[in-house]
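Everything in the sequence shown is counted per the working numbering, starting at 8 for the first residue and increasing by one.
All residues carry an ideal CB built from backbone N, CA and C; glycine is no exception.
Owing to the predicted nature of the structure, the values given are computational and were not obtained by experimental measurement.
Notes for the one structure printed next.
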Amino acid sequence: MRKFIKNDILESFQTMYEAHDELKNFIEKKDFGRMKIILEDLQNAAVQIGTAIEKSEGEGFVSVKHLEEYCEAVYEVSQGAGDDSNGNKARKVLNKKLIRAENSVKNDVRVKTEVVFISYKASMWDSLESVWRSVSIDPDCDVYVIAVPYYDLNPDRSFGQLHYEGDEYPDDVPVMHYEAYDLAVRKPDVIYFHNPYDDWNLVTSVHPAFYSVNLKKYTEMLIYIPYFVLDEIEPDNQAEIEKIKHYIWLPGVINADKVIVQSEAMKQIYVNEYLKAARANGLTGNHLDRNYLERKFLGLGSPKIDKILRTKKEDLDIPEEWLKVIRKPNGSRKKIVFYNTGISALLNCNEKWIEKIADVLKIFRENKDEVALLWRPHPLIENAMKSMRPEILQRYTQIKNQYISEGWGIHDDTADVGRAVILSDAYYGDGSSVVQLYRHTGKPIMTQNVDAAGKPNAVMFDAVFIDDEYWFVSVKDNILYKMDLSTYKVQYIHWLSHSSETDLRLAYTKLFHYKNKIILIPCLSKYIAVYDMRVNKVKHVESGLPARRDGDYFNGGVALGEILFLIPCRYNRIVAFNMETEKVEENKCIELSTDERKYEATFSVGGVVQEDENVIFTGFSTNKIYKVNLVTKEIALSNYDYSLSGIVGTKEHYWAFPTKGNQIIKLDKKGQVERIIKEFPQNYVCGEWSFHYQQDMGDEIVLLPRLANKLLCIDKLTDEIHEIDIDVGNYDKENYWDKYSRFAVSVNWKEKRMFVEAKTGIWNVFNETYESLEKIEPKLEINEKNFEEIYRCKFPFFYETEGAFINLNNYIKYAVMD
Numbered sequence: 008m009r010k011f012i013k014n015d016i017l018e019s020f021q022t023m024y025e026a027h028d029e030l031k032n033f034i035e036k037k038d039f040g041r042m043k044i045i046l047e048d049l050q051n052a053a054v055q056i057g058t059a060i061e062k063s064e065g066e067g068f069v070s071v072k073h074l075e076e077y078c079e080a081v082y083e084v085s086q087g088a089g090d091d092s093n094g095n096k097a098r099k100v101l102n103k104k105l106i107r108a109e110n111s112v113k114n115d116v117r118v119k120t121e122v123v124f125i126s127y128k129a130s131m132w133d134s135l136e137s138v139w140r141s142v143s144i145d146p147d148c149d150v151y152v153i154a155v156p157y158y159d160l161n162p163d164r165s166f167g168q169l170h171y172e173g174d175e176y177p178d179d180v181p182v183m184h185y186e187a188y189d190l191a192v193r194k195p196d197v198i199y200f201h202n203p204y205d206d207w208n209l210v211t212s213v214h215p216a217f218y219s220v221n222l223k224k225y226t227e228m229l230i231y232i233p234y235f236v237l238d239e240i241e242p243d244n245q246a247e248i249e250k251i252k253h254y255i256w257l258p259g260v261i262n263a264d265k266v267i268v269q270s271e272a273m274k275q276i277y278v279n280e281y282l283k284a285a286r287a288n289g290l291t292g293n294h295l296d297r298n299y300l301e302r303k304f305l306g307l308g309s310p311k312i313d314k315i316l317r318t319k320k321e322d323l324d325i326p327e328e329w330l331k332v333i334r335k336p337n338g339s340r341k342k343i344v345f346y347n348t349g350i351s352a353l354l355n356c357n358e359k360w361i362e363k364i365a366d367v368l369k370i371f372r373e374n375k376d377e378v379a380l381l382w383r384p385h386p387l388i389e390n391a392m393k394s395m396r397p398e399i400l401q402r403y404t405q406i407k408n409q410y411i412s413e414g415w416g417i418h419d420d421t422a423d424v425g426r427a428v429i430l431s432d433a434y435y436g437d438g439s440s441v442v443q444l445y446r447h448t449g450k451p452i453m454t455q456n457v458d459a460a461g462k463p464n465a466v467m468f469d470a471v472f473i474d475d476e477y478w479f480v481s482v483k484d485n486i487l488y489k490m491d492l493s494t495y496k497v498q499y500i501h502w503l504s505h506s507s508e509t510d511l512r513l514a515y516t517k518l519f520h521y522k523n524k525i526i527l528i529p530c531l532s533k534y535i536a537v538y539d540m541r542v543n544k545v546k547h548v549e550s551g552l553p554a555r556r557d558g559d560y561f562n563g564g565v566a567l568g569e570i571l572f573l574i575p576c577r578y579n580r581i582v583a584f585n586m587e588t589e590k591v592e593e594n595k596c597i598e599l600s601t602d603e604r605k606y607e608a609t610f611s612v613g614g615v616v617q618e619d620e621n622v623i624f625t626g627f628s629t630n631k632i633y634k635v636n637l638v639t640k641e642i643a644l645s646n647y648d649y650s651l652s653g654i655v656g657t658k659e660h661y662w663a664f665p666t667k668g669n670q671i672i673k674l675d676k677k678g679q680v681e682r683i684i685k686e687f688p689q690n691y692v693c694g695e696w697s698f699h700y701q702q703d704m705g706d707e708i709v710l711l712p713r714l715a716n717k718l719l720c721i722d723k724l725t726d727e728i729h730e731i732d733i734d735v736g737n738y739d740k741e742n743y744w745d746k747y748s749r750f751a752v753s754v755n756w757k758e759k760r761m762f763v764e765a766k767t768g769i770w771n772v773f774n775e776t777y778e779s780l781e782k783i784e785p786k787l788e789i790n791e792k793n794f795e796e797i798y799r800c801k802f803p804f805f806y807e808t809e810g811a812f813i814n815l816n817n818y819i820k821y822a823v824m825d
């Protein structure tokens, strides 16, 4: 029996006891008319209660027998009422019979919890499935799966076409039509749901009757489980949290009584961010009670992961048309690559995303004899195009239809993403929650990059000269190279195989040469790496840093003897690394602040100055210039009115560079402002963050543009700013490299001035007077042995944004086919 029905019955018993008291009074007053009405009401109440119990527990149930005995007692009281009856005696008789019935209901009627699972997309059912399976076998629960309808949204956000996917769920899931279950009447004890948006979505909307704000009216326990899995983040990693916090402040999260998230760390993020948002939006009560929120958010794990870990390949139902693609002529199976394309990438990249898909399909077509492609677009991808990108829908449909008609690959438009994850041997495609799910399989992963050039190119953010050879780590593939600048031939040296636990790109960007070693300074990696030139080996040294994906731990290093001091960017301490012992010396590390939020303050992002045992750098988020004595640990600060993104110095002066480069500040050696330089070349536009880096080139300082529209240099003697005659190119906000730098590095070598393009790796070579520009593409000497070295290191997964060296063809050859 349902809890609310049992409660109603028990409340009815209390009303009947009160009626017994009234009956006693009317009997004693000889008010036979009122007495008759009460006896009839008691009889009817007992019959209604008995009917309700029989409906729930079946005929002949013991509680009903007690109620029948009660009805007989009511009848006997009514028959003897004309006599000079004792009202107190009648009350005692009826109370005794009713107590037996009440105790039987309390003890013999078993409460059953009615649980409802609300799902609108069959493809998202896996976010609820494992919970449903565990609840459905509980004999104390009545469980229902309700498939509800949803609408496409038109560009003006009005409701478009209605969809219902009740017939697309797994065969063993008993789906009930939404019109067959009346929430207002049934009042389920618990409702689980996975759509948190209500009317906040831009692509689709469930029927408003099933918005969380309405579901909450009909249950005592509304439980939300996200339909996605997020990348795991440390609770103090605010930069990464900023990227996902929009998932936390949604109607479904606000209205739910419980929210089940994928881990304890994610629970703490939800609690922290929910509190902030609740305060900002003026909520009160439990919304601001941390103890309550600690109980509301539960880090119990994701049912999506449960399903992936539980299901085996042999358990899958594979369509015959899929098997025709997967099987080779000799009966063996090809390797299967799950190609996932998602909505976020579509909205960010537009036409480039469409053409990337066409290029990817071409590459897999060329490899179709050995590799079967399983292309599974997001189930709402075409809905999103119709609503938000209608101009590219026709081209997408053309590519999709051609792929399907050619028949060499699989197009998966079914609801079950889990089948694609389990069946496939490797993942390739857009970054999405599916990537986080796939990580639990331990199979190779590479995420698609629409800007990948498809061939290696040598882009670096720093380098060291060793005997006229230019050593660097390519930021696109995390490989240590050396270049002969006279021939522009680039030789592969070593892959930094243990570079990062979160991302292979940008693990190291800065280098330092010491004796026969090259010290690789962490950017995204949590390790300091040491390359031994004598034995061609890389050693990774634990630095105490956590694995992070927003990185930029350090902006470089300065040395005092054998100690290399790592200058922080997104970190609040200078780390002292002994290059002889290859260990961090904690007693020589320097804390820049006592703030526990180690990763929220941003320090040096551009040029750094070393003067004997002092290092000078700017505080990007603190509006300060720091002068730190690396021996005494004394810190001197100069405060300014704006954010600074780097500093360059000579014996007499410093030049400090505001983030928004509409001026340059010239300082004396005491940090006092001597001059504000504002005389920029004609048509110069600075942008909000003007320069990626300021590089000291001897008699001048080169300003490498980030959002500025020109490549500039400033004469140290005259303070005159000159434009270097080179095409900076149009800023493409959708391109990863344009977001951070147009030119990765500048090189002053012999009588040449060189500038390396971040996007292409092309070298722009000038003479000393910036004349006779020559564009040169370095020649990378890479062989099969180099590739084998990389893929011989068996990562539990490959999480690599498709770059230059590890491109799609090489991924197929060395990761998928290995």
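Integer Cβ distance of residue i from residue j, believed to fall under 8 Å
i	j	result
ILE45	ALA26	5 Å
LEU160	LEU222	That pair is no contact at about 20 Å.
ASP722	GLY614	Contact flag wrong, Cβ pair sits at about 16 Å.
LYS341	ILE333	6 Å
ALA129	ALA422	3 Å
LYS31	ASN95	6 Å
Given residue i as reference, the closest of the options once Cα atoms are compared
i	options	result
ASN579	SER600, GLY568, ASN594	SER600
ASN523	MET540, ASP484, SER532	MET540
ASN630	PHE472, PHE664, LEU190	PHE664
GLU358	LYS393, LEU400, THR318, VAL332	LEU400
SER394	LYS342, TYR158, GLU589	TYR158
PHE552	PRO233, ASN543, ALA566, ILE535	Phe is not the amino acid found at residue 552; the sequence shown has Leu there. Among PRO233, ASN543, ALA566, ILE535, the Cα nearest to that of LEU552 belongs to ILE535.
ILE240	TYR234, ILE232, LYS252	LYS252
LYS311	ILE429, HIS520, ASN755, TYR538	ILE429
GLU328	GLU301, GLU413, ASN244, ARG302	GLU413
ASP619	THR639, SER779, ARG193	THR639
Bridge-paired residues (DSSP) for residue i
i	result
HIS520	ILE525
GLU788	GLN498
ARG1	Nothing can be reported for residue 1, as the shown portion of the chain is limited to 8 through 825.
ALA470	PHE479
PHE217	Looking at the DSSP assignment, PHE217 forms no beta bridge with any residue, so it has no partner.
GLU598	ARG580
TRP662	VAL655, LYS673
LEU305	ILE267
Sub-8 Å separation of residue i and residue j beta-carbons
i	j	result
TYR225	PRO203	no
GLN455	GLY436	yes
LEU353	ARG396	yes
PHE750	ARG760	no
VAL497	PRO785	yes
GLY568	LYS517	no
GLN443	LEU237	yes
LEU74	ALA97	no
SER134	ILE232	yes
PHE762	ILE733	yes
VAL466	ALA284	no
LEU644	PHE627	no
LEU368	VAL344	no
ILE597	ILE632	no
VAL268	GLY306	yes
VAL118	MET228	no
Inset, instruction - Within the stretch 539-575, note down every full alpha helix (DSSP H) run reaching 4 residues or more, in order along the chain. - result: none
Inset, instruction - Mind listing, in chain order, the continuous alpha helix (DSSP H) runs of no fewer than 4 residues lying wholly within the stretch 321-396? - result: 327-333, 350-356, 358-373, 388-395
Inset, instruction - Identify every run of the alpha helix (DSSP H) within the stretch 703-757, keeping only runs that are complete inside it and at least 4 residues long; order them along the chain. - result: 743-747
Inset, instruction - Return the chain-ordered ranges of every alpha helix (DSSP H) run that is complete within the stretch 232-303 and spans a minimum of 4 residues. - result: 245-251, 258-262, 271-287, 297-303
Legend entry - Those runs of the beta strand (DSSP E) which lie wholly inside the stretch 98-158 and span at least 3 residues: 120-126, 148-154
Legend entry - In chain order, each alpha helix (DSSP H) run of at least 4 residues that lies wholly inside the stretch 50-99: 69-86
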